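Here the structure comes first, spelled out in structure tokens, and everything after it is commentary.
Number of protein chains: 4
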Amino acid sequence: MKQGKNNQNYDIPETMKAWVLDDPEQLRLTEKPVPEPGPAEILVRVDAVAVCGTDLEILSYGLPAIIEGGSPFNKNYTPGHEYMGTVVKLGRGVDDFQIGDRVTAEVHAGCGRCERCREGMYTSCSNYGMNYGDKDKGHRANGFTTDGAFAEYAVNNVNTLIHVPDEMSDEEATLVVTAGTAMYGLDVMGGLIAGKSIAVTGPGPIGLMGVAMAKSLGAQPVILTGTRNSRLDMGKKLGADQVINVREENPVDKILELTKGKGVHYVLECSGASNALNEAAQMTNRGGRICLAAFPHEPVPVDLANLVRNNIYVYGIRGEGQSATHRAMAFMEQKRFDATIIHTHTFPFEDVPTALKYAKERIEDAIKVVVKIT
Amino acid sequence: MKQGKNNQNYDIPETMKAWVLDDPEQLRLTEKPVPEPGPAEILVRVDAVAVCGTDLEILSYGLPAIIEGGSPFNKNYTPGHEYMGTVVKLGRGVDDFQIGDRVTAEVHAGCGRCERCREGMYTSCSNYGMNYGDKDKGHRANGFTTDGAFAEYAVNNVNTLIHVPDEMSDEEATLVVTAGTAMYGLDVMGGLIAGKSIAVTGPGPIGLMGVAMAKSLGAQPVILTGTRNSRLDMGKKLGADQVINVREENPVDKILELTKGKGVHYVLECSGASNALNEAAQMTNRGGRICLAAFPHEPVPVDLANLVRNNIYVYGIRGEGQSATHRAMAFMEQKRFDATIIHTHTFPFEDVPTALKYAKERIEDAIKVVVKIT
Amino acid sequence: MKQGKNNQNYDIPETMKAWVLDDPEQLRLTEKPVPEPGPAEILVRVDAVAVCGTDLEILSYGLPAIIEGGSPFNKNYTPGHEYMGTVVKLGRGVDDFQIGDRVTAEVHAGCGRCERCREGMYTSCSNYGMNYGDKDKGHRANGFTTDGAFAEYAVNNVNTLIHVPDEMSDEEATLVVTAGTAMYGLDVMGGLIAGKSIAVTGPGPIGLMGVAMAKSLGAQPVILTGTRNSRLDMGKKLGADQVINVREENPVDKILELTKGKGVHYVLECSGASNALNEAAQMTNRGGRICLAAFPHEPVPVDLANLVRNNIYVYGIRGEGQSATHRAMAFMEQKRFDATIIHTHTFPFEDVPTALKYAKERIEDAIKVVVKIT
Amino acid sequence: MKQGKNNQNYDIPETMKAWVLDDPEQLRLTEKPVPEPGPAEILVRVDAVAVCGTDLEILSYGLPAIIEGGSPFNKNYTPGHEYMGTVVKLGRGVDDFQIGDRVTAEVHAGCGRCERCREGMYTSCSNYGMNYGDKDKGHRANGFTTDGAFAEYAVNNVNTLIHVPDEMSDEEATLVVTAGTAMYGLDVMGGLIAGKSIAVTGPGPIGLMGVAMAKSLGAQPVILTGTRNSRLDMGKKLGADQVINVREENPVDKILELTKGKGVHYVLECSGASNALNEAAQMTNRGGRICLAAFPHEPVPVDLANLVRNNIYVYGIRGEGQSATHRAMAFMEQKRFDATIIHTHTFPFEDVPTALKYAKERIEDAIKVVVKIT
């Protein structure tokens, strides 16, 4: 019996199908015990999971930000962190959710006890990865330091879950982490966005959701830069007032022209290009702010003098902090924009490797590839 | 064997002496099992505990802010929340502290999972009091919703503990919650205190520590108002640049005179007097800020028009949030002021009722009464 | 020649018609010299001006927040501060606007040099009213401390003007101060509004715009309370998810029911009712925030204990600070809601007394009464 | 007659001696008219002026951040911006200061009307340099865009002046801009400094004052890194708990060791070294913050991935914003540290070129070189 609605019971099997990581690039479908939710935890039947760029990095390089000495969970580890599903079992002390609720998950459940968590910065938890054996300090990051959602079931800390409204599809609900990351980027730059000019550089999933979030919050103009017109067109549909193809125009010159020489108030950098930070600093005005939501893998030359002389602040962001996913969900629920535009492909559970391949190689201009499990 | 130093073992008995609350005003010395620290918890041998005004309220009226339907823990409950001691046992996953460490405890360990805790406001935890049975959501408030420190041992969540420097006495270390509460009051009003003028109204323990905190942070002038010259003199020793005996002078007039008509930037209200908020609003300037760290028990007439017309912000504060105790401890450790001035009396463990009586009736002008246990 | 477009010249007469204040309640139409814009100033031909509740107070009681000793400008003073018009002459050093631009004006041009202005709190300028003779410190508050817009022309500091988009009517453009005041109220409570629950108490102009601003920023649910169903219906059109007629239901009970016992995150108090602050504090949750945008004229009993025990912050706001008018205009320009709903009546210039009467006595359920001058 | 005290009159000559800039590196002593203070301005008789690194840059390269097309004021321009003196004449509308007051000057008087000034960011004024002819928008930056203090008299906007306490020497009072810049750096990183660990990299004047400010605010430990033991010793006297000579030890390793692997909360980067930002990011912990108060002149390789993965914020700062000079002065007045340690040399007015040479070439390990004029 798989269907069910609020407060109905679900038959939970003892084992489940799950994809697990062996050596780099090696994903294998196997059978695992269905995990048991502990205090403050919930067992979710996974209904859909989207592929994130970080999944691809994990597949190749292992887990990010893991403590030295190697990670004890790479073998037999199940990735997947942009997912939604149905609540099927509650751990002790959980009454915020009910059996049958549809939920989507943000990634980070900080330990709740370190200095960073105590100041609300739980994605920067000092005890990141400390959730096993003697070092168990209660930290969890769904699909990063704990088993994720390329599986039939997943356990989550109650503080990572968000209710999904009835009228929202499973596929759309998987996009809330992406939208929340973009929202967090806007938050850290200051929060008062209405009427401010914003450039979003790089029309990947976070960049496109950044356009949607900025427009929802009232930014104007919202300017998107990128290399492919198909992506830029999506940006227009999501709220971009202007788009710039950087292969055709110099984005700094164009943005200065569009803003009558003033530059924009904020830049949300989502391209990871080598010169992106320097260009961002040239696009913004004195006292402007830049959020780095992407990065080049190697050190790149940066003109720090420009940052200092112009009182520019640069915010590196890790994940989707400050409950930004909840704010993103509010806009999605209120249908301020159509997030499903960035969902391009769907595969069944048994085709996870194909889904990953589509995402990695951008086959058929794939943006968000979703695996539908139930 | 009671002594011990870092990493030495302590013999922990199975039972301990503890004062417990029966009916209102009825405190009884009894024998209880020594509690066992769970994950993220630490067992502390209580060395000293100070009496707080809230202890006296609990004794008379029961626990504050408890969920409706009454509290299940009043019977056999042990109060006491301003305490310090020695770490004698570590729960699972604890390596932030070692056996033998001297520690002092702040009150609030939020649940770490509710919306408020997730934004860093753990003293306003939405799950306050939810730490028992089916409703156990991991919240703890030492000496409020869990057993406190009028006992030989107490269990604490690791996030409530603060290291005590070697050269600080047990008695002084119990004062950090009081100092932290005053610090939190200054924080919420804005944080940038140096060079700003501050009035502290009411020279009780929090008010006096408020003077010390404000001066440590560089406020000038720090003006203390009160009714008793002995208390005002203590204020001077703790950093007050000016004191006003409100029985001799009108504090509003005097403060306007001292500030050349401008009024002060901040008022830390610690008196709970009926007209205190109105006077505070008259003492401060347009755009000024007031923190309420005390309150009258009945509704009082307030001139709201003045607050609106002058863009005045009023901050009610609950406890010692934002890790303010840690910041207060930094100043105490750096000996910026002599906190021990407000410690006036010491009693042994068997005299807890006398200690409470001294604090309540202010016998011999008692301010902070400390019970020394070991 | 009255028409004109960007950079065309306007014939500016030497004198103009203006309504002036004599004794309380005495408004008289007269002829005055057209004022000359100084450095950083602009001469605006007034095209439309709305009646604000403060205009009615000024008419009866004189100017608010004026320095003691009485105001030197009440005689021959022209009120009117919610206005828009056309730029007809530029003072020295002005190139932010061009002749022919349509503009609307926010009220406050702080002195730009006092401590408050230097920290961005220009509506709380320490030199408020200091704009004449030896005490001229450059402060201006359009229509409060300087001549306002019940006249054919008015001078403004360049920092108070906002461009009006071509497609926006004159009448709608006069509403930006009201919307900006509501926006400022949301800002000071924290700024991150999306997904948060908000109660707006009192469906006057600021309350109704508060509903529109909160919804534009993504709040949910937005709950409006009031006494008249016609106003509550307007609230629904502007974005209220729920409305409560306080004559039919207890608003505290209803809000707790609607929020499953949690209460709302924010309350924007716009009623000025005697018990409004107490009810607001009961409607909100622990750690909640309340903005007072209205107030009772007499002191009222307030339960301060509740504010302190629940860590509630109360923000009195003065005017439309932090450039909130610009953010409000962004949402109006983006047509997130239809502000013109609250514009109910229009009168010609010669009928200013009738317009004021309609606004004061709420004749025909008048909300925003606009005087159209050209 | 040069002496005088509050409210006494001063004989002000018609001309004064002043050093002026011709071509790069060419400073010439000449006679100029004594300037006249306009509205909101004050004429100060310069008593002492310190040499800042920026003075040396101006001498070689011209004025920073000047609008394109070149600066109209380089010829006949008088540099010098870290100065103090005596109020000798008041412009219209000035009553915040009196004739005879001793004052010191911060650099930036923003225009008070642009978007940045309106939000309190006056050192990032959008109208920087707009203070002449048709483009006069009221901006002033003492000694940058207006004539400075290598002269007998200088005009200042009233909002740049700070009272100097009687007991403070002229020489010490010139240091407040340096201390204020360091303070601003701490502010932008968050403000709540007490008990936090801070690394200051680079023991130049700003770095040394950064140590003093951080310690005054209660930071612990304060760790200073540099290449010269003489400077590091000064740092110890100003409050550094630990110093690291980077020629002897790897500062990243040492700081991780000193902080038990945690890294510091904040880094105040004052060295401008090529690898300083990368090292700063390695010294700080996840969620940490870095302020850049210095910079290399050429682009340098930066590991942006580390900033993003660890949620690190980087703040470039321009000048001494947010009235940080006032807060710095409060600590100096309260004698929390001895700022005069960094004052190493004094020269008379006629030896300005020698003073500049000492500062530039660090002759006799010169740090702050002061020119005493009266």
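Protein chains in written order, with the numbering used here: chain Y, 1 to 374; chain S, 375 to 748; chain L, 749 to 1122; chain R, 1123 to 1496. Ideal Cβ placement from N, Cα and C applies to all residues, glycine included. Quantities reported herein were computed from a predicted structural model and do not represent experimental measurements.
- prompt: Would DSSP call His81/Y helix, strand or coil?
  reply: coil
query: Could one say the Cβ of Lys1257/R lies closer than 8 angstroms to chain L's Cβ atoms, at least one of them?
result: Yes, its Cβ sits closer than 8 angstroms to a Cβ of chain L.
- request: Please name the residue or residues paired with Phe1469/R in a DSSP beta bridge.
  value: Assignment of beta-bridge partners to Phe1469/R by DSSP yields Val1493/R.
When Arg1431/R, Asp1425/R, Arg1440/R, Ala1427/R are compared against Asn306/Y, the one with the closest alpha-carbon: Arg1440/R
- prompt: So who's on the other strand from Gln242/Y, going by DSSP bridges?
  reply: Ile223/Y.
- prompt: Cβ of Pro890/L less than 8 angstroms from any chain S Cβ?
  reply: In the sequence as presented, Pro is not what sits at residue 890/L; that position holds Asn. So, not an interface residue.
Proximal residues of chain S, C-beta to C-beta of Cys117/Y below 7 angstroms: Gly486
query: Cβ of Gly191/Y less than 8 angstroms from any chain L Cβ?
result: Taking Cβ atoms only, chain L reaches closer than 8 angstroms to Gly191/Y, which makes this a yes.
- request: Counting only runs of 4+ residues fully inside the region 601-686 of chain S, write out the alpha helix (DSSP H) ranges in chain order.
  value: Listed in chain order, they are 603-612, 625-632, 650-657, 678-683.
- prompt: Excluding five sequence neighbours on each side, which residues of the same chain lie with their C-beta closer than 6 angstroms to the C-beta of Leu403/S?
  reply: Trp393
Reduced DSSP secondary structure (H/G/I, E/B, other) of Leu59/Y: helix
- prompt: To which residues of the same chain is Thr340/Y closer than 6 angstroms at the C-beta, ignoring the five residues directly before and after it?
  reply: Glu172
- request: With a 10 Å radius around its C-beta and 16 neighbouring C-beta atoms as the bar for buried, classify Gly1079/R as buried or exposed.
  value: Since the first residue of chain R shown is 1123 and the last is 1496, residue 1079/R is not available in this structure.
message: Here's a check: name, in chain order, each residue in its chain whose Cβ is nearer than 6 angstroms to the Cβ of Asp803/L, leaving out the five neighbours to either side.
response: Pro827
task: Tell me whether the beta-carbon of Ala902/L lies closer than 8 angstroms to the beta-carbon of Val799/L.
output: no
field: At least 3 beta-carbon pairs within less than 8 angstroms: the region 281-298 of chain Y vs the region 266-273 of chain Y
entry: yes
task: Could you tell me which uninterrupted alpha helix (DSSP H) segments, each at least 4 residues in length, are contained entirely in the region 1227-1258 of chain R, listed from first to last along the chain?
output: 1237-1240
- request: Would you mind stating whether Val200/Y and Cys270/Y have Cβ atoms separated by less than 8 angstroms?
  value: Inclusion of Val200/Y and Cys270/Y in the CB contact set at 8 angstroms is warranted, their separation being smaller than that value.
- prompt: What is the residue span of the beta strand (DSSP E) that Val842/L lies within?
  reply: Neither: Val842/L is in no beta strand (DSSP E) and is coded neither H nor E.
query: Cα-Cα, which of Pro999/L, Met1031/L, Lys765/L is closest to Gly974/L?
result: Pro999/L
message: With DSSP as the reference, identify every bridge partner of Ile162/Y, one or two as the case may be.
response: Thr104/Y
- prompt: Name the chain Y residues that come within less than 8 angstroms of Tyr1055/L, Cβ to Cβ?
  reply: A small correction: the amino acid at residue 1055/L is Leu; Tyr does not occupy that position in the sequence shown. Result: empty, since nearest Cβ-Cβ is about 22 angstroms, beyond 8 angstroms.
query: Is the shortest distance between the beta-carbon of Ala1078/L and the beta-carbons of chain Y less than 8 angstroms?
result: yes
For Leu395/S, the first and last residue of its enclosing beta strand (DSSP E): 389-395
query: Going by other Cβ atoms of all chains shown within 10 Å of its Cβ, with 16 needed for buried, is Gln696/S buried or exposed?
result: So Gln696/S ends up on the buried side.
- request: Please name the residue or residues paired with Arg383/S in a DSSP beta bridge.
  value: Note that residue 383/S corresponds to Asn in the displayed sequence, not to Arg. Paired residues: none, contrary to the question.
- request: Check whether the region 731-740 of chain S touches the region 1351-1361 of chain R, taking contact to mean three or more Cβ pairs, one atom from each stretch, closer than 8 angstroms.
  value: no
query: In this structure, what does DSSP give as the bridge partners for Arg383/Y?
result: The structure shown has nothing for residue 383/Y, since chain Y only spans 1 to 374.
- prompt: What residues in the region 1441-1469 of chain R have a beta carbon less than 9 angstroms from any beta carbon of chain S?
  reply: Those residues of the region 1441-1469 of chain R that come within reach of chain S (Cβ to Cβ, closer than 9 angstroms) are Gln1444, Ser1445, Ala1446, His1448, Arg1449, Ala1450, Met1451, Ala1452, Phe1453, Glu1455, Gln1456, Arg1458.
task: For Ser216/Y, decide whether its Cβ has a neighbour in chain L, counting only Cβ atoms nearer than 8 angstroms.
output: yes
- prompt: Below 8 angstroms between beta carbons: does that hold for Ile954/L and Ala930/L?
  reply: yes
- prompt: For Ile193/Y versus Gly218/Y, is the C-beta distance shorter than 8 angstroms?
  reply: yes
query: How about Gly185/Y: is its C-beta nearer than 8 angstroms to some C-beta of chain L?
result: no
- request: Could you check if Asp1223/R is buried or exposed, using at least 16 other CB atoms within 10 Å of its CB as the buried criterion?
  value: buried
message: At a CB distance below 8 angstroms, what residues from the region 401-426 of chain S approach chain Y? Give them in sequence order.
response: Within the region 401-426 of chain S, the residues whose Cβ lies closer than 8 angstroms to some Cβ of chain Y are Pro413, Ala414, listed in chain order.
task: Count the other C-beta atoms from every protein chain shown that fall within 10 angstroms of the C-beta of Arg888/L, then say buried if there are 16 or more, exposed otherwise.
output: buried
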